[in-house]
Amino acid sequence: MAASFLFSQFVGGLTTAMFLFLIASGLSLVFGVMRVINFAHGSFYMLGAYLAWQMVRWLHPSAESFWPAALLAASSVALLGVIVERLLLRFLYGREELYQLLFTYALVLILGDAAKFAWGTAQLTVSRPAVLNGSIDILGATVPYYNLFIMLLGLAIALGGWRLLSGSGAGRMVRAASYDREMLDALGANVGGIYTGMFAVSSFLAGLSGALVTPISSIVPGMDVEIIVQAFIVVVIGGLGSFWGTFWGSLIYGLVLSFGILIFPSFSLFSVFALMAVILIVRPWGLLGRPIR
Amino acid sequence: MSLRRLLALACAVAILPSVAMADTIKIGFPIPLSGPTASYGNPILKGAQMAVEEINAKGGVLGQKLEILPRDSKANADEAVRLARELIIKDGVQFLIGTLTSAEAPAVSTIAKENKIVFLAPSAKAMLLTAPQNLHPYVFRVASTTATEGQSGAYIVSKWQGVKKVATIAPDYAYGRDIIAAFTEHLKQLRPDIEIVDQEWPKLGEPDLTPFITAQMSKKPDAVYCALFSGDFITLVKQATPLGYFKAINNRLADGGEVGAVDITAALGNDYPFGIWADAYDPVVWPGNEPAEHKAFITRLKAYMKSDVGSGWAIQGYSAVEALAAGIQKAGSTNSDKVAAALAGLTYDTPVGKRTFDAKTHNSDAGEFWGIMVKDPAYPYAIISSPGYYNPLPVTN
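Each protein sequence line maps, in turn, to chains A and B. According to my numbering, the first sequence holds residues 635 to 927 in order. According to my numbering, the second sequence holds residues 44 to 440 in order.
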């Protein structure tokens, strides 16, 4: 019993971790790499959830419409991200971070009220897509297929994001821009376009994670603020600028929370924050980050 | 017309409404209207507004119309306090109804005491509000209490056959801790043979309950008492069902957080864990001996809320206003001391029965309606089958 129970907790921790990584991946891109403080990342996540619910209703209130609904929701959020970046946010690059924080926080309030206006304050839920209903028994632990899907997706995003940033030309330029934007501009690169593109990807990821979370959670006002703190924690302890760092940060967060519940049932949250404090004391730039210039 | 004349006319017109309003009885209403708890705050406000509309249509109270001034407390005690002060000092309210959470209510109660304003709490259950050190003549509780809720839960669980091991899961703050304490204490009295094998304490609003669920399942309880409510309960259902949580305990779960209310059952639809025991202040759908007054109330409520579903929470706002109106009527005045004296020990009407404010503790003897949640072909959501009134033990008519 003990072994299968520990494995259960482990799998539970993995689920928490990947669930969080889905959201944090977009933030890692925009905050970790682009060094743009986007507090509204959580709002994009929330909008992805609400839009997914709305699309499911419009397309066909059945479980099969879930996938197109999720993709449509994520794309809509990406579009919103592009509009926000192009029209508003890009005037704040290079300025003091405080301006970006204040602006995106204002965006949080605006989007929160907009969501409340559009969908009210009642809780909304979306049913699991039929194809992923059910679960598999692994070593005595029941693992729902949907959770398995989220774990695999998280891994895919980590790999894809890493390839994008380290391997592709656009990725190299983004990293260069985060070091010295003006120089890159002077060299003739379309920095504005790169930033918009990356912001779109980040927003897409935020919206997608919001949409994919709906079958295993409830859509409530306030979910934007709830998640953004956890996402920032994970990006910071993983190390700014490192996509894999965010991945490991999420894993640590999920597993520590999961096993923390066993060791300190009344202080489960404490164990996560204690670990965070330790990591930041020992390595202030995060696990896989570099000392900030 | 000269500009000066126009200005003077504009000022006169601006003052006019407030002059007219001086004849109304103003009730300040700070309650969460945004954020996760707004799904309760909004229907409670709607219920109160409907009551005010109905009372005013009949001529008001003591010849004066009632007026509600709603404010969004964002479920934050500091904000609620600030709003309460503003309502009293700037808007000149004579009474306060509101707050949702057990954190806001005691804070606003302090303001009510300072300013000698009668304050009715429609939803806060934690004992702190009317504990001897916090009690004062002007605070009254329309909600049930954690003691009642915990005891009802214990009674229900104690009646289940073949239950030797019980687990609890509750949000980690005053409300959750109070309820579980009341539950476990009472269960021990009723069934000393039952062992509490596991207690989980996820934080309020925790988006991922999976590790708590798996930890609890590993202890193999026979039954569970759950105090998660609202969004947390929905999260629990969505995450625990695929893990086989409800199946493992044969749906022997009792939840006293009003998850039997249509607000929650409508949100979950077919994903609801049918077979569990849940409660609501107002079952809304009432198979069995539904009182005629309740049926009429629900019809009016659905029309007022422009909703087919209604709400199991609106009744708390409605009852609070009814109670206040009755108190003012009995006192024959809107003077706070007189109304407070009138409310203590007062029996007031609600669409689900009469309630009385205890003269000493100022708690109303409000129980809740419990029953097994079942699927009904007439509704696309779970309903309470044969709702029974528990206060805290089942009341047989």
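Beta carbons: idealized from backbone N, C-alpha and C, even for Gly. Bear in mind that the values here come from a model prediction, so they are computed numbers and not experimental data.
Verify the CB distance criterion: does Y780/A have a CB-CB separation below 9 Å to chain B? Residue numbering aside, residue 780/A sits at position 146 when the first sequence is read from its first letter. Judged by the 9 Å Cβ criterion, Y780/A is in contact with chain B.
Who are the near neighbours of G879/A in its chain, counting only those whose CB is closer than 7 Å to its CB and skipping five residues on each side? Along the first sequence, read from residue 1 onward, the residue named residue 879/A stands at position 245. Within the same chain, G879/A has close Cβ partners G872, G873, G920, L921, L922 and G923.
Who are the near neighbours of T830/A in its chain, counting only those whose CB is closer than 8 Å to its CB and skipping five residues on each side? Taking the first sequence and counting its residues from 1, the one referred to as residue 830/A is at position 196. V716, E719, R720 and R724, listed in sequence order.
Rounded C-alpha distance that separates A174/B from G355/B: By one-based count along the second sequence, residue 174/B stands at place 131. By one-based count along the second sequence, residue 355/B stands at place 312. If I take the Cα positions, the gap works out to 27 Å.
List the whole-angstrom C-beta distance separating E411/B from Y324/B, where the pair is believed to meet the contact cut-off of C-beta under 8 Å. Here residue 411/B corresponds to residue number 368 of the second sequence, with the count starting at 1. Here residue 324/B corresponds to residue number 281 of the second sequence, with the count starting at 1. The pair is a contact, with the Cβ atoms about 6 Å apart (cut-off 8 Å).
Residues of the segment 303-329 of chain B whose Cβ lies closer than 9 Å to any Cβ of chain A, in chain order: D306, I307, A309, A310, L311, G312, N313 and D314
Is there at least one Cβ from chain B nearer than 9 Å to V847/A's Cβ? Walking along the first sequence from the start, residue 847/A turns up at place 213. So yes, V847/A belongs to the interface.
Any beta carbon of chain A sitting closer than 9 Å to that of I256/B? To locate residue 256/B, count along the second sequence from 1; it is residue 213. Closer than 9 Å to some Cβ of chain A, the Cβ of I256/B qualifies, so yes.
CA-to-CA distance, V280/B to P245/B, given in whole angstroms: For the purposes of this step, residue 245/B is identified with residue 202 of the second sequence, where counting begins at 1. For the purposes of this step, residue 280/B is identified with residue 237 of the second sequence, where counting begins at 1. Rounded to whole angstroms, P245/B to V280/B spans 14 Å at the Cα level.
Hey, is N767/A's beta-carbon within less than 9 Å of any beta-carbon in chain B? Sequence index remark: in the first sequence, residue 767/A carries index 133 (1-based). Yes - at least one Cβ of chain B is within 9 Å of the one on N767/A.
Report buried or exposed for D814/A, applying the criterion of at least 16 other Cβ atoms within 10 angstroms of its Cβ. Residue 814/A sits at position 180 when you count from the first residue of the first sequence. With fewer than 16 other Cβ atoms within 10 Å, it is exposed.
Is the Cβ of D747/A closer than 9 Å to any Cβ of chain B? On the first sequence, residue 747/A is found 113 positions in, with the first residue counted as 1. Chain B, which has a Cβ nearer than 9 Å to the Cβ of D747/A, makes this yes.
Start and end residues, alpha helix (DSSP H) containing K108/B: Within the second sequence, residue 108/B is the residue found at index 65, counting from 1. Segment: none, K108/B is in no alpha helix (DSSP H) and carries neither H nor E.
Should the segment 218-230 of chain B be called in touch with the segment 254-266 of chain B, which here means at least 3 C-beta pairs below 8 Å? no
For E860/A, tell me which candidate among V742/A, L736/A, M668/A and F737/A has the shortest Cα-Cα distance. In the first sequence, counting from the first residue as 1, residue 860/A sits at position 226. Checked all of V742/A, L736/A, M668/A and F737/A; the closest Cα to E860/A is V742/A.
Run down chain B in chain order and give the residues with a C-beta less than 7 Å from the C-beta of I850/A. Here residue 850/A corresponds to residue number 216 of the first sequence, with the count starting at 1. Near I850/A (Cβ distances below 7 Å), the residues of chain B are K281 and Q282.
Just by C-beta distance, which residues in the segment 71-93 of chain B are closer than 7 Å to chain A? S77, G78, P79, A81, S82 and N85
I need the boundaries of the beta strand (DSSP E) containing D351/B, first residue and last residue. For the purposes of this step, residue 351/B is taken as residue 308 along the second sequence, with counting starting at 1. Note, D351/B: premise wrong, no beta strand (DSSP E); not H, not E.
How about K117/B and G71/B: are their beta carbons less than 9 Å apart? Residue numbering aside, residue 117/B sits at position 74 when the second sequence is read from its first letter. Residue numbering aside, residue 71/B sits at position 28 when the second sequence is read from its first letter. No. Outside cutoff.
Please tell me whether T284/B and P250/B are closer than 9 Å, where the distance is taken between their beta carbons. Here residue 284/B corresponds to residue number 241 of the second sequence, with the count starting at 1. Here residue 250/B corresponds to residue number 207 of the second sequence, with the count starting at 1. Not in contact: T284/B and P250/B (Cβ atoms no closer than 9 Å).
Name, going along the chain, the residues of the segment 728-759 of chain A whose beta-carbon falls closer than 9 Å to a beta-carbon of chain B. G746, D747, K750, G754, T755, A756, Q757, L758 and T759
Can you say whether A148/B is buried or exposed, counting buried as having 16 or more other CB atoms within 10 angstroms of its CB? By 1-based counting over the second sequence, the position of residue 148/B is 105. So A148/B ends up on the buried side.
Applying the 10 Å Cβ sphere with the 16-neighbour rule, what's the burial state of W692/A? Indexing the first sequence from 1 puts residue 692/A at position 58. With fewer than 16 Cβ atoms within 10 Å of its Cβ, W692/A is classed as exposed.
Return helix, strand or coil for G788/A, following the three-state DSSP convention. Within the first sequence, the letter at position 154 stands for residue 788/A. Reduced to three states, the DSSP call for G788/A is helix.
For the segment 746-761 of chain A and the segment 852-866 of chain A, state whether three or more C-beta atom pairs, one from each stretch, are separated by less than 8 Å. yes
Three Cβ pairs or more, each shorter than 8 Å: is that satisfied between the segment 88-97 of chain B and the segment 284-298 of chain B? no
Buried or exposed by the 16-neighbour rule on C-beta atoms within 10 Å, applied to P420/B: Here residue 420/B refers to the residue found at position 377 of the second sequence. Exposed: under 16 other Cβ atoms inside 10 Å.
Which chain A residues sit within Cβ distance under 8 Å of L344/B? Here residue 344/B is taken as the residue at index 301 of the second sequence, counted from 1. What L344/B touches in chain A: nothing, since even the nearest Cβ is about 15 Å away.
Is there a Cβ of chain D sitting closer than 9 Å to that of Q359/B, yes or no? No chain D is part of this structure, whose protein chains are labelled A and B.
Within the same chain, show all residues whose beta-carbon is closer than 6 Å to that of A321/B, passing over the 5 residues directly before and after it, in chain order. Counting from 1 along the second sequence, the entry for residue 321/B is found at position 278. Taken in chain order, the residues that qualify are D298, V302, G303 and M416.
For T776/A, three-class secondary structure by DSSP: Taking the first sequence and counting its residues from 1, the one referred to as residue 776/A is at position 142. Residue state, collapsed to three classes: strand.
Pick from Q372/B, L143/B, Y288/B and I111/B that is closest to I131/B, judged by C-alpha positions: By one-based count along the second sequence, residue 131/B stands at place 88. Here the closest residue by C-alpha is I111/B.
In its own chain, which residues sit with a C-beta less than 7 Å from the C-beta of P423/B, not counting the 5 before and 5 after it? Numbered from its first residue, the second sequence carries residue 423/B at position 380. Contacts found: G312.
Would you say F678/A reaches chain B, if we count a Cβ-Cβ gap shorter than 9 Å as a contact? Counting from 1 along the first sequence, the entry for residue 678/A is found at position 44. Not one chain B Cβ lies under 9 Å of F678/A.
Let me make sure I understand the geometry here. Which of D134/B, W329/B and T144/B has the alpha-carbon closest to that of P75/B? Numbered from its first residue, the second sequence carries residue 75/B at position 32. Considering only alpha carbons, the answer is T144/B.
From the DSSP output, in three-state form, read off M64/B for me. Along the second sequence, one-based indexing puts residue 64/B at 21. For M64/B, the predicted model reports a pLDDT of 47, less than 50, meaning its position is unreliable; a value from the coordinates is still stated below. It is helical.
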